[in-house]
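There are 2 protein chains.
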Amino acid sequence: MDTKNNNSADLLINDLLPTHPRRLYDPVEYIMAQKGKKIRFNLALKGCELFSGSSDDAMQAAMAVEIFHNFTLIHDDIMDNAKTRRNQPTIHEKWDINTGILSGDVMMILAYEALLKAPEHAHAKIFPLFTRSARAVCEGQQMDMDFESLPVVQIDKYLEMITKKTGVLIAAALGMGAACGGATDAEVEHLYEYGKNLGISFQIRDDILDCYGETQKIGKIKAGDIIQGKKTILYIRTWFSMPEEEQDGFTELYHSSAPDKIDTILNYFEKAGAKEYALAKEQEYFEKAHAALAKIDVSPQRKKKLTDYTQSIFRREH
Amino acid sequence: MDTKNNNSADLLINDLLPTHPRRLYDPVEYIMAQKGKKIRFNLALKGCELFSGSSDDAMQAAMAVEIFHNFTLIHDDIMDNAKTRRNQPTIHEKWDINTGILSGDVMMILAYEALLKAPEHAHAKIFPLFTRSARAVCEGQQMDMDFESLPVVQIDKYLEMITKKTGVLIAAALGMGAACGGATDAEVEHLYEYGKNLGISFQIRDDILDCYGETQKIGKIKAGDIIQGKKTILYIRTWFSMPEEEQDGFTELYHSSAPDKIDTILNYFEKAGAKEYALAKEQEYFEKAHAALAKIDVSPQRKKKLTDYTQSIFRREH
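Quick mapping for you: the protein sequence lines, in order, are chains L and H. With the numbering used here as the guide, the letters of the first sequence map in order to residues 1 to 318. With the numbering used here as the guide, the letters of the second sequence map in order to residues 1001 to 1318.
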């Protein structure tokens, strides 16, 4: 990871945080100090560098998107009743639910305070971009929760959900960075599209890796999604590929804790060619991302600095 | 109430709300459609009229502050475990806590979407004003929750809490309206000060009325604050006025359900001159409000339109 940039994030949050009430701001400090990849923060800086050659002007916008992302984690963890995050107790576990709700709320406002400190020339671009992206993230979270109570969802709804829940904030980070670096409206939009499609492709890859990745590399239980009955692209593709009379039984098994569940489900996936379908979709969005990037007219050297970073983050083996 | 303005609020929220996911936006429609006084909405319109003679340019800023206020109600109701609001089930009761959290979150973003639609000439004023006020509201809510576990708080902390929890959003509504109406920075600040001090004076009056108002007029149980052991200005003043050795017993009684509690507490209040102290404070902030208004150079007719409205809302008999 880029230590310099992460340290900048630590310094910036201290500038933004008032001293009291402690109970409101301690949880903000706690979550922002956690060791994380700070992907969105770094993407905003890279988006700026692509156009201006320096990341300086994007510091506050980077901070805004990182604070917003962490706010969503706090509220998501309450909604999912999660006990730990990044190997540490979640905020509602360490403090309580009310603290998690209110500290999360104030972080959304702190994100806007950071935006207000961004270069004024970029305000007219970054405020609408951030705001529409933030709303999409809430919509994505709601869709994800809605999906839990359904047997299956259409593939286009699944893609809309991951676009909103993951894609748009990555897109916003890059787009806001670009705007701070002096990009035109069209350039901001191209970089936004690049980030959005990269995010979608990354999320699809995540579904694939959970089933077919090597356990050590992904650092979690193999087929955790199957164990939990999560509606991945593999599950959805398989469901729609099978004869109608088999769908109910498949859904029931997928949400059960039958002893031979994983192997049986993997057989279903194979019969449906779900992995190949998912890999093709992943590739499709990866190519869309690069088609958007190709529309931006900057030197190959500058583009390489960006793609080196996104490759290091998003391109994992499988 | 001003029916025309309330109807405008109903129309505007429909313009802002996307159609799906329903589960995210139904609660927003539900709370925004409730019959309420829409004080902050109307104050923003009045703040604009004071300078431009029309409220048209403040519609979106008015909407922003009204949406934000309703967002705080949703999250506060979760934190306070409140079952009803405005004689209807609260959102976490009608749906569930997760729905309340997420619909509240998206409302904060919708407030910014409304601001983005406000006249561009006002953006540089209203975005910082709204953002710093929104943060203060969160701080006020946290202070209020912190106070619950303390035997007493200093009067200046109490005043800071009510300023942040009530004063600043009234102030922001007026200030943002003024900015949309073309007011200068100084004029915005004066109207902000007017609203803030009016809000503080109103909150103090609320404490007084709960004890000394006529039941029918205030429409709630007399001395409800005493019954609930709420830390009002009357309680705080009395606590600090009594000999140290009596304070623990007084605090214990105030938080008890002793049968003669109300009468005994009222006796304590009388001995301390708490009502007179509170009335003097109320007057002090009322005068501060009007001193700020006096600094604004507009016609007496225009000022009267504003003060007629604020009198009708904030000046209740006691």
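Ideal placement from N, C-alpha and C gives every residue a C-beta, glycine not left out. No experiment lies behind these values; they were computed from the predicted model shown.
C-beta neighbour in chain L for residue i, strict 9 angstroms
i: histidine 1121 of chain H; result: no
i: aspartate 1002 of chain H; result: Reliability of the predicted coordinates at aspartate 1002 of chain H is poor, the pLDDT of 46 falling under 50, and the value obtained from them is presented with this limitation in mind. Cβ-Cβ to chain L under 9 angstroms: no for aspartate 1002 of chain H.
i: histidine 1069 of chain H; result: no
i: cysteine 1180 of chain H; result: no
i: aspartate 1146 of chain H; result: yes
i: tyrosine 1296 of chain H; result: For clarity, residue 1296 of chain H is isoleucine in the given sequence; the question names tyrosine instead. No, isoleucine 1296 of chain H lies away from the interface with chain L (no Cβ there is under 9 angstroms from its Cβ).
i: histidine 1075 of chain H; result: yes
i: proline 1300 of chain H; result: no
i: glutamine 1142 of chain H; result: yes
Interface flag, residue i vs chain H, CB-CB below 9 angstroms
i: glycine 104 of chain L; result: yes
i: proline 18 of chain L; result: yes
i: threonine 131 of chain L; result: yes
i: methionine 176 of chain L; result: no
i: tyrosine 112 of chain L; result: yes
i: proline 259 of chain L; result: no
i: glutamate 139 of chain L; result: yes
i: methionine 242 of chain L; result: no
i: asparagine 98 of chain L; result: yes
Cα-Cα separation between residue i and residue j, rounded to whole angstroms
i: valine 1106 of chain H; j: threonine 1238 of chain H; result: 42 angstroms
i: isoleucine 1226 of chain H; j: histidine 1255 of chain H; result: 8 angstroms
i: aspartate 96 of chain L; j: proline 21 of chain L; result: 16 angstroms
i: glutamate 1252 of chain H; j: proline 1243 of chain H; result: 15 angstroms
i: glutamate 1282 of chain H; j: leucine 1209 of chain H; result: 12 angstroms
i: methionine 32 of chain L; j: asparagine 14 of chain L; result: 10 angstroms
i: glutamine 1154 of chain H; j: isoleucine 1236 of chain H; result: 7 angstroms
i: lysine 83 of chain L; j: leucine 1012 of chain H; result: 40 angstroms
i: histidine 121 of chain L; j: isoleucine 1101 of chain H; result: 34 angstroms
i: histidine 318 of chain L; j: aspartate 206 of chain L; result: At histidine 318 of chain L the pLDDT is 40, less than 50, meaning the model places this residue with poor confidence and gives no usable figure here.
i: aspartate 144 of chain L; j: aspartate 77 of chain L; result: 14 angstroms
i: isoleucine 1039 of chain H; j: tyrosine 112 of chain L; result: 25 angstroms
i: threonine 1003 of chain H; j: glutamine 1311 of chain H; result: Since pLDDT at threonine 1003 of chain H reaches only 44, below the 50 mark, its modelled position is unreliable, and the value read off the structure follows with that caveat. Spanning the two alpha carbons is a distance of roughly 18 angstroms.
i: glutamate 160 of chain L; j: glutamate 189 of chain L; result: 18 angstroms
i: glutamine 1141 of chain H; j: lysine 1164 of chain H; result: 8 angstroms
i: leucine 234 of chain L; j: cysteine 1180 of chain H; result: 52 angstroms
i: alanine 1009 of chain H; j: phenylalanine 1041 of chain H; result: 8 angstroms
i: cysteine 211 of chain L; j: leucine 1116 of chain H; result: 44 angstroms
i: proline 1151 of chain H; j: lysine 1304 of chain H; result: 43 angstroms
i: alanine 274 of chain L; j: histidine 69 of chain L; result: 31 angstroms
i: glutamine 203 of chain L; j: alanine 1134 of chain H; result: 34 angstroms
i: lysine 37 of chain L; j: isoleucine 313 of chain L; result: 9 angstroms
i: alanine 1114 of chain H; j: threonine 307 of chain L; result: 36 angstroms
Residue i classed as buried or exposed, judged by whether at least 16 other C-beta atoms fall within 10 angstroms
i: leucine 1016 of chain H; result: buried
i: proline 1018 of chain H; result: exposed
i: threonine 1184 of chain H; result: exposed
i: arginine 1086 of chain H; result: exposed
i: glutamate 270 of chain L; result: exposed
i: proline 999 of chain H; result: Here chain H comprises residues numbered 1001 to 1318, so residue 999 of chain H is not present and cannot be evaluated.
i: glutamate 1287 of chain H; result: exposed
i: glutamine 1301 of chain H; result: exposed
i: serine 149 of chain L; result: exposed
i: proline 1027 of chain H; result: buried
i: serine 55 of chain L; result: buried
i: lysine 1295 of chain H; result: exposed
i: serine 299 of chain L; result: exposed
i: serine 1103 of chain H; result: buried
i: alanine 1280 of chain H; result: exposed
i: alanine 292 of chain L; result: buried
i: aspartate 1057 of chain H; result: buried
Residue range of the alpha helix (DSSP H) that includes residue i
i: methionine 108 of chain L; result: 97 to 116
i: glutamine 311 of chain L; result: 300 to 314
i: isoleucine 1296 of chain H; result: Unbroken run through isoleucine 1296 of chain H: none, as it is neither H nor E.
i: aspartate 26 of chain L; result: 22 to 33
i: leucine 1253 of chain H; result: 1244 to 1254
i: glycine 1181 of chain H; result: Per DSSP, glycine 1181 of chain H belongs to no alpha helix (DSSP H) and is neither H nor E.
i: leucine 1266 of chain H; result: 1261 to 1272
i: lysine 1164 of chain H; result: It is not in any alpha helix (DSSP H) - lysine 1164 of chain H carries neither H nor E in the DSSP assignment.
i: glutamine 203 of chain L; result: 185 to 212
i: serine 1133 of chain H; result: 1123 to 1148
i: arginine 40 of chain L; result: 39 to 52
i: glycine 229 of chain L; result: Note, glycine 229 of chain L: premise wrong, no alpha helix (DSSP H); not H, not E.
i: threonine 90 of chain L; result: Premise fails: threonine 90 of chain L is in no alpha helix (DSSP H) and is neither H nor E.
i: aspartate 56 of chain L; result: Counting along the chain, aspartate 56 of chain L falls outside any alpha helix (DSSP H), and DSSP gives it neither H nor E.
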